[in-house]
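Asks: Counting along the sequence shown from 1, when you hit position 20 you're at 26 in the working numbering, and nothing is skipped either side.
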Amino acid sequence: MEQTEHLISRAATTHHLTLAGLTQLLEDASSEELLCRAADEVRQQYVGDGVHLRGLIEFSNICRQDCMYCGLRRDNGKIERYRLTEDDIVRLAEKAKGYGYRTVVLQSGEDAYFTAERLASIVRRIHAMDLAVTLSVGERPREDYALWRAAGADRYLLRIETTDAALYESLDPGMRYENRVRCLRDLRDLGYEVGTGSLVGLPGQTPEMLARDILFFQDIDADMIGIGPLIPNGDTPLGTAAPGDFHLTRRMVALLRLLLPEANIPATTAMETMVPRGRELILASGANVVMPNVTEGDYRRKYALYPGKICVADTPADCRACMGGRIAAMGRYVATDKGFRRRKIRKH
Ligand code: SAM
Ligand code: SF4
Ligand code: FES
7 MEQTEHLISR AATTHHLTLA GLTQLLEDAS SEELLCRAAD EVRQQYVGDG VHLRGLIEFS
67 NICRQDCMYC GLRRDNGKIE RYRLTEDDIV RLAEKAKGYG YRTVVLQSGE DAYFTAERLA
127 SIVRRIHAMD LAVTLSVGER PREDYALWRA AGADRYLLRI ETTDAALYES LDPGMRYENR
187 VRCLRDLRDL GYEVGTGSLV GLPGQTPEML ARDILFFQDI DADMIGIGPL IPNGDTPLGT
247 AAPGDFHLTR RMVALLRLLL PEANIPATTA METMVPRGRE LILASGANVV MPNVTEGDYR
307 RKYALYPGKI CVADTPADCR ACMGGRIAAM GRYVATDKGF RRRKIRKH
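1. Between Met336, Tyr312, Tyr339, which has its C-alpha nearest leucine 78's C-alpha?
2. What whole-angstrom Cβ distance do valine 259 and alanine 293 have, given they're in contact under 8 Å?
3. With a threshold of 8 Å, are at least 3 pairs of Cβ atoms found where one atom belongs to the region 300–309 and the other to the region 232–244?
4. Helix, strand or coil, according to DSSP, for glycine 337 in the structure here?
5. For histidine 354 and histidine 21, what's the separation of their Cα atoms in angstroms?
6. Is tyrosine 183 near ligand 1 - that is, is its Cβ less than 7 Å away from at least one heavy atom of it?
7. Could you tell me if the beta carbon of glutamate 116 falls within a distance shorter than 7 Å of some heavy atom in ligand 2?
8. Nearer than 7 Å: is that true of the beta carbon of leucine 320 relative to any heavy atom of ligand 3?
9. Using beta-carbon positions only, say whether valine 129 and valine 139 come within less than 8 Å of one another.
10. For cysteine 325, does the count of other Cβ atoms within 10 angstroms reach 16, so buried, or fall short, so exposed?
11. For asparagine 185, name the three-state secondary structure that DSSP assigns.
12. Report buried or exposed for histidine 12, applying the criterion of at least 16 other Cβ atoms within 10 angstroms of its Cβ.
13. If you run the structure through DSSP and keep just helix, strand and coil, what is glutamate 8?
14. Alpha carbon to alpha carbon, how far is leucine 173 from proline 235?
15. Is it the case that the CB of arginine 365 approaches a heavy atom of ligand 1 more closely than 7 Å?
16. If I follow the unbroken beta strand (DSSP E) through glycine 232, where does it start and stop?
17. I need the DSSP call for isoleucine 63, collapsed to helix, strand or coil.
Structure representation (structure tokens):
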């Protein structure tokens, strides 16, 4: 087994590790600080001190899928469902622009009401405001992705959740791993910036599986990677599962920065749901993006993927001011551009 310090310094300079090397570092809690310091340096070198804020609009919690971990799953009868109107969504985007956001992320369950054309018309209206548009609405046919891209969508977030196909299909009943990968490849072909990521702590998931996830993100040349721990939701079949490990998730983020140095990596809301100030800790361990919520009123609470979600009683203005202050207190700054990936490494 190679010495940990050697592995970390090799990863920081070559941006490559083998499956065995990655697994070793994921398992090694004792070298977490060293690993995260190296990731912070690589972050500084490749993407700088700017933190990109993306305004998150949670526009519908209606979902036709039944993922075992998610509170929005079709069979969850306890959740109060809602769907914002087209005009409401556009109004929230306008407000987000007013708070200084340059990107909005439109996220929802897989809600069939939002036909390709309906969502395209929303994208057109928001694109016309000179905002970058990120969509995160799940698996759709290539034609839908193509229509939204033509309407002005810039980015798409679709986590692979886990690259272990059997585990994926056991936790996302009715969904096919192959189709998830097909979606990611279509999005890439169509010229989107592609965001993906993993859920850490799925029952049966091993460090080696997480290491394979990292190699997969490298292989598809992901532009953004969002990693979060599983937070068990009592109204789902995984309600009594153990929560994902915060520190393992942190090591995963740090390794992603070392292996995909120019990617945009968010400090996710789930990290702060688990640990107070968790987003700062992750921003200091390789991350460079935060997605503050711009959904208003009671809809924040109703978009209940998991319990204990932060900011449910706060306003969009609170979150913007809160994150701005915290980023400045870290000696970093809020980036004022749209935050597209900047390529420093030439592809051969
Ligand atoms: N429906 C779209 C999809 O699945 O891609 C977008 C919305 S979905 C709610 C966004 C992400 O929430 C999922 O990719 C999943 O990783 C995460 N998520 C769902 N339930 C969770 C839980 N209990 N704990 C942590 N993250 C969860
Ligand atoms: Fe629906 Fe996405 Fe939740 Fe799965 S993770 S149930 S697709 S909202
Ligand atoms: Fe919402 Fe701090 S980010 S109040």
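Cβ coordinates follow ideal geometry from the N, Cα and C atoms, glycine included.
Replies: So, to answer that:
1. Tyr312
2. 6 Å
3. no
4. coil
5. Residue placement at histidine 354 is flagged as unreliable, the pLDDT there being 45, under the threshold of 50; the coordinate-derived value follows with that caveat. So the alpha carbons of these two residues sit roughly 15 Å apart.
6. no
7. yes
8. The sequence shown places aspartate at residue 320, rather than the leucine named in the question. Flag set: Cβ of aspartate 320 near ligand 3.
9. yes
10. buried
11. helix
12. exposed
13. coil
14. 16 Å
15. The structure shown does not extend to residue 365, since the chain is modelled only from 7 to 354, so the question has no answer here.
16. 230–235
17. strand
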